[in-house]
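My numbering applies: residue 3 is where the sequence shown begins, and numbers increase by one. Quick notes on the structure that follows.
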Amino acid sequence: PFLLENLLNQYDFITLFTSSLHYATVAKILATLNDDNLILKDDTLVPDKAEFSKNSFVCNFSNSKINVVKINPSEKL
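Structure, rendered in structure tokens:
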């Protein structure tokens with residue numbers, strides 16, 4: 003989380019690509035950094051304050067945004 007906090011201070015927009023195995027863990031870390039709770043949307047745990055779309059969500063922080071995208075390593079983007 004400390005590295006992520008430093009990156010939030012350096013960049014306006016960050017995109018994280020994660021497998022489905024780690025998607026909920028990343029969501030929990032971001033929710034914790036943003037003093038947020040996790041909720042269930044379309045069978046997926048995402049931060050309550052996040053903008054959600056299928057296999058992705060965006061968390062807004064004070065000076066930046068983080069987009070988290072769930073990918074399957076065997077699929078083409």
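All C-beta atoms in this analysis are idealised placements derived from N, C-alpha and C, irrespective of residue type, glycine included. Predicted, not measured: the structure shown is a model, and the values here were computed from it.
Any non-hydrogen atom of the ligand NAP within 8 Å of residue i CB
i, result
"F54", "Annotation note on the ligand NAP: not contained in the displayed structure, which lists no ligands."
DSSP-derived helix/strand/coil call for residue i
i, result
"F63", "coil"
"I41", "strand"
"S55", "strand"
"K72", "strand"
Residue j beta carbon less than 9 Å from that of residue i
i, j, result
"D50", "N57", "no"
"F15", "I68", "yes"
"L5", "F63", "no"
"E53", "L35", "no"
Residues bridged to residue i [DSSP beta-bridge criterion]
i, result
"V48", "I41"
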